[in-house]
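A.B. asks: Next up is a structure, given as structure tokens.
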DNA sequence: ATGCCACTTGACCAAATAGTCAACATCATC
DNA sequence: GATGATGTTGACTATTTGGTCAAGTGGCAT
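The structure is reproduced here in structure tokens:
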């Protein structure tokens, strides 16, 4: 069988919400892009909101898995791999920004279900960065320090850097921020 | 005369857009909160979008004036005043986040008019922080450095910190980020 | 007082919105 | 091949959306 209906909906919903926000995502457009009829959608999901929440959770979990968890599972050079990922522009879409940040900004204070979902996702993001730093500490790439706070600062600055690039339309702003961030993290390298 | 109709609309629109985003801002709610009738609104503005753009530009210009420009116009202790402002939680609303960031995230990639408006506002924000750093350099509070890049990093990190606090619902996350940021900026203090 | 103009009123409209539903198709299992 | 579960179709509805407009009001200048 080709890609099943549910997955087509999840993919199309994620794209639409990423591009237009949750409130701006029109059900009709999602259905058209997925090539699925309305009644069929309501067979898989009770409503638009639950479909969007499912899409966000599933697609972003997928994203994390490939991007950050892979680094922590590697063998050494944790920081180097992490920095390399940050500098890689190909994996970022500055026009649309960070999907997590977009939805946090739009929905966290509007809807409680989105609030808890995004809280969890964001916490997982911070946690996966912390794990990379913990590994780095364990092999002596970083000196012993409060890796939770360092992870908080890193994720925050990263989100801010993506935002700046989205606002200015200039990817160089992202790169400049990342270099500052890296030099900050490297200040924890030396004893 | 009491507060005029146009200003009531601007204020109500800003509040509504800040709380619910532009796409989530219902004209009916804005009108109800402003206590203004629909036709009256269309006397002052050609449509919802222009009203929202006006509200954003006017209210945020007001915000900058009182917050950051005041520091640069002061007499010395530029950095200290700036840091003090960053640490002051009273002037921030973590539930709703940063009004500038919210709209950048929601609208920059959706609508060209919003894109240029937010680009300009964000640039002005960075510029006003740069001016503070330039002043700090001029009186020796900072060593000579690329203040434009430092301002970029500062605004980015600040926006990221506000986002983190919004996501986690914990203002302490903001404070922790700010302390990291301050210690980074202070590394430019010494020769 | 008259005429003018900025402003107000609220009923009205077309379009878009999320969501419903009864009929239908497809398939595996007995 | 009958049965029932799973999935599909698209017309339909109720509501909300931003936007229009003709009629009215109030004050100000002549």
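Chains as they are written, first to last, in my numbering: chain H, 1 to 191; chain X, 1001 to 1191.
From the three backbone atoms N, C-alpha and C, an ideal C-beta is built for every residue, glycine too.
Note down, one range per segment and in chain order, each alpha helix (DSSP H) of at least 4 residues found wholly within the segment 87-136 of chain H.
C.D. replies: 99-107
A.B. asks: Looking at chain H, is there any beta carbon in it that lies within less than 8 Å of the beta carbon of residue 1133 of chain X?
C.D. replies: In the second chain, counting from the first residue as 1, residue 1133 of chain X sits at position 133. Taking Cβ atoms only, chain H never reaches closer than 8 Å to residue 1133 of chain X, which makes this a no.
A.B. asks: Within 8 Å, do at least three Cβ pairs link the segment 1126-1138 of chain X to the segment 1065-1081 of chain X?
C.D. replies: The segment 1126-1138 of chain X and the segment 1065-1081 of chain X touch, with three or more beta-carbon pairs separated by less than 8 Å.
A.B. asks: With a floor of 4 residues, list each alpha helix (DSSP H) that falls wholly inside the segment 4-43 of chain H, ordered by position along the chain.
C.D. replies: Those alpha helix (DSSP H) runs which fall completely within the segment 4-43 of chain H and span 4+ residues are 5-24, 27-34.
A.B. asks: Only counting the same chain, and skipping five residues up and downstream in sequence, which positions put a Cβ closer than 6 Å to that of residue 1181 of chain X?
C.D. replies: Locating residue 1181 of chain X in the second chain gives position 181, counting from the first residue. Taken in chain order, the residues that qualify are 1157.
A.B. asks: For the segment 89-114 of chain H, list every residue whose C-beta sits within 7 Å of some C-beta in chain X, in sequence order.
C.D. replies: Within the segment 89-114 of chain H, the qualifying residues are 95, 96, 97, 101, 102, 104, 105, 106, 108, 109, 110.
A.B. asks: Answer with yes or no whether the minimum CB distance from residue 149 of chain H to chain X is below 8 Å.
C.D. replies: Walking along the first chain from the start, residue 149 of chain H turns up at place 149. Yes, contact with chain X.
A.B. asks: Any heavy atom of the ligand NAP inside 7 Å of the beta-carbon of residue 1052 of chain X?
C.D. replies: Summarising the ligand content, the structure contains no ligands, and the ligand NAP is consequently not present.
A.B. asks: If you draw a straight line from the alpha carbon of residue 1029 of chain X to that of residue 1015 of chain X, how long is it in whole angstroms?
C.D. replies: Taking the second chain and counting its residues from 1, one reaches residue 1029 of chain X at position 29. Taking the second chain and counting its residues from 1, one reaches residue 1015 of chain X at position 15. Between the alpha carbons of residue 1029 of chain X and residue 1015 of chain X lies a gap of roughly 11 Å.
A.B. asks: What is the DSSP secondary structure of residue 1147 of chain X, reduced to helix, strand or coil?
C.D. replies: Your numbering for residue 1147 of chain X matches position 147 in the second chain. Helix at residue 1147 of chain X.
A.B. asks: Establish whether the CB of residue 1052 of chain X and some CB of chain H are separated by less than 8 Å.
C.D. replies: If you number the second chain from 1, residue 1052 of chain X lands on position 52. Judged by the 8 Å Cβ criterion, residue 1052 of chain X is not in contact with chain H.
A.B. asks: Anything in the segment 154-178 of chain H with a Cβ closer than 8 Å to a Cβ of chain X? List those residues in chain order, please.
C.D. replies: 155, 156, 157, 158, 159, 160, 161, 163, 164, 166, 167, 168, 169, 173, 176, 177
A.B. asks: Quick one: give me the first and last residue of the alpha helix (DSSP H) that residue 1176 of chain X is part of.
C.D. replies: Walking along the second chain from the start, residue 1176 of chain X turns up at place 176. Segment 1171-1186, the alpha helix (DSSP H) holding residue 1176 of chain X.
A.B. asks: Is there a Cβ of chain X sitting closer than 8 Å to that of residue 68 of chain H, yes or no?
C.D. replies: Here residue 68 of chain H corresponds to residue number 68 of the first chain, with the count starting at 1. Not closer than 8 Å to any Cβ of chain X, the Cβ of residue 68 of chain H fails to qualify, so no.
A.B. asks: Which residue's Cα is closest to the Cα of residue 140 of chain H: H:78, H:175, H:33?
C.D. replies: The residue you call residue 140 of chain H lines up with position 140 of the first chain. Nearest C-alpha to residue 140 of chain H: H:78.
A.B. asks: Consult DSSP for residue 1084 of chain X and reduce its assignment to one of helix, strand or coil.
C.D. replies: Against the second chain, residue 1084 of chain X aligns to sequence position 84. Note: residue 1084 of chain X maps to helix in three-state DSSP.
A.B. asks: Check the Cβ-Cβ distances between residue 152 of chain H and every residue of chain X, and say whether any is below 8 Å.
C.D. replies: Taking the first residue of the first chain as 1, we reach residue 152 of chain H at position 152. With 8 Å as the cut-off, residue 152 of chain H counts as an interface residue toward chain X.
A.B. asks: Run through chain X and tell me which residues come within less than 7 Å of residue 81 of chain H, C-beta to C-beta.
C.D. replies: Residue 81 of chain H sits at position 81 when you count from the first residue of the first chain. None at all; the shortest Cβ gap to chain X is about 22 Å.
A.B. asks: My assumption, with CB atoms under 8 Å, is that residue 152 of chain H sits in contact with residue 1098 of chain X. Please give the rounded CB distance.
C.D. replies: The count along the first chain starts at 1 and reaches residue 152 of chain H at position 152. The count along the second chain starts at 1 and reaches residue 1098 of chain X at position 98. Going by Cβ atoms, the distance from residue 152 of chain H to residue 1098 of chain X rounds to 17 Å, so no, they are not a contact pair.
A.B. asks: So residue 123 of chain H contacts chain X; which residues on that side make the cut at Cβ distance below 9 Å?
C.D. replies: Mapped onto the first chain, residue 123 of chain H falls at position 123. Listed along the chain, the chain X residues whose CB falls inside 9 Å of the CB of residue 123 of chain H are 1167, 1168.
A.B. asks: Check distances from the C-beta atoms of the segment 20-32 of chain H to those of chain X and list, in chain order, the residues that come in under 8 Å.
C.D. replies: Cβ contacts with chain X come from 20, 21, 23, 24.
A.B. asks: I need the boundaries of the alpha helix (DSSP H) containing residue 53 of chain H, first residue and last residue.
C.D. replies: To locate residue 53 of chain H, count along the first chain from 1; it is residue 53. It spans 48-64 - the alpha helix (DSSP H) in which residue 53 of chain H sits, taken as one unbroken run.
A.B. asks: Contact check, residue 162 of chain H vs residue 92 of chain H under 8 Å by CB: the rounded distance?
C.D. replies: Counting from one through the first chain, the residue named residue 162 of chain H turns up at place 162. Counting from one through the first chain, the residue named residue 92 of chain H turns up at place 92. Rounded, the Cβ-Cβ distance is 7 Å, consistent with contact.
A.B. asks: Within this structure, are the beta carbons of residue 5 of chain H and residue 52 of chain H separated by less than 8 Å?
C.D. replies: If you number the first chain from 1, residue 5 of chain H lands on position 5. If you number the first chain from 1, residue 52 of chain H lands on position 52. Not closer than 8 Å, so no.
A.B. asks: So, does the CB of residue 1049 of chain X fall closer than 8 Å to a CB anywhere in chain H?
C.D. replies: By one-based count along the second chain, residue 1049 of chain X stands at place 49. Output row for residue 1049 of chain X: interface = no.
A.B. asks: So, residue 105 of chain H versus residue 1101 of chain X, is the Cβ gap smaller than 8 Å?
C.D. replies: Counting from 1 along the first chain, the entry for residue 105 of chain H is found at position 105. Counting from 1 along the second chain, the entry for residue 1101 of chain X is found at position 101. The answer is yes: Cβ separation under 8 Å.
A.B. asks: Would residue 1180 of chain X pass as an interface residue toward chain H - the criterion being a Cβ-Cβ separation below 8 Å?
C.D. replies: As a position in the second chain, residue 1180 of chain X is number 180, starting the count at 1. Closer than 8 Å to the CB of residue 1180 of chain X there is at least one CB belonging to chain H.
A.B. asks: Determine the direct distance from the alpha carbon of residue 44 of chain H to that of residue 36 of chain H, and round the result to whole angstroms.
C.D. replies: Against the first chain, residue 36 of chain H aligns to sequence position 36. Against the first chain, residue 44 of chain H aligns to sequence position 44. Roughly 11 Å separates the two Cα atoms.
A.B. asks: Between residue 119 of chain H and residue 1165 of chain X, which are expected to be in contact by the criterion C-beta below 8 Å, what is the C-beta distance as a whole number of angstroms?
C.D. replies: Translated into positions along the first chain, residue 119 of chain H becomes position 119. Translated into positions along the second chain, residue 1165 of chain X becomes position 165. Between residue 1165 of chain X and residue 119 of chain H the Cβ distance is about 11 Å, and since that is not below 8 Å, they are no contact.
A.B. asks: Put residue 1157 of chain X into one of helix, strand or coil per three-state DSSP.
C.D. replies: As a position in the second chain, residue 1157 of chain X is number 157, starting the count at 1. Three-state result, residue 1157 of chain X: helix.
A.B. asks: Counting only C-beta atoms, is residue 1188 of chain X closer than 8 Å to chain H at any point?
C.D. replies: Indexing the second chain from 1 puts residue 1188 of chain X at position 188. Chain H, which has no Cβ nearer than 8 Å to the Cβ of residue 1188 of chain X, makes this no.
A.B. asks: Using DSSP with H/G/I as helix, E/B as strand and the rest coil, what is residue 69 of chain H?
C.D. replies: Position 69 of the first chain, counted from the first residue, corresponds to residue 69 of chain H. In the structure shown, residue 69 of chain H sits in a helix (DSSP, three-state: H, G or I).
A.B. asks: Within its chain, find whatever has a CB closer than 7 Å to the CB of residue 1124 of chain X; leave out the 5 residues flanking it on each side and keep chain order.
C.D. replies: Numbered from its first residue, the second chain carries residue 1124 of chain X at position 124. So the qualifying residues of the chain are 1064.
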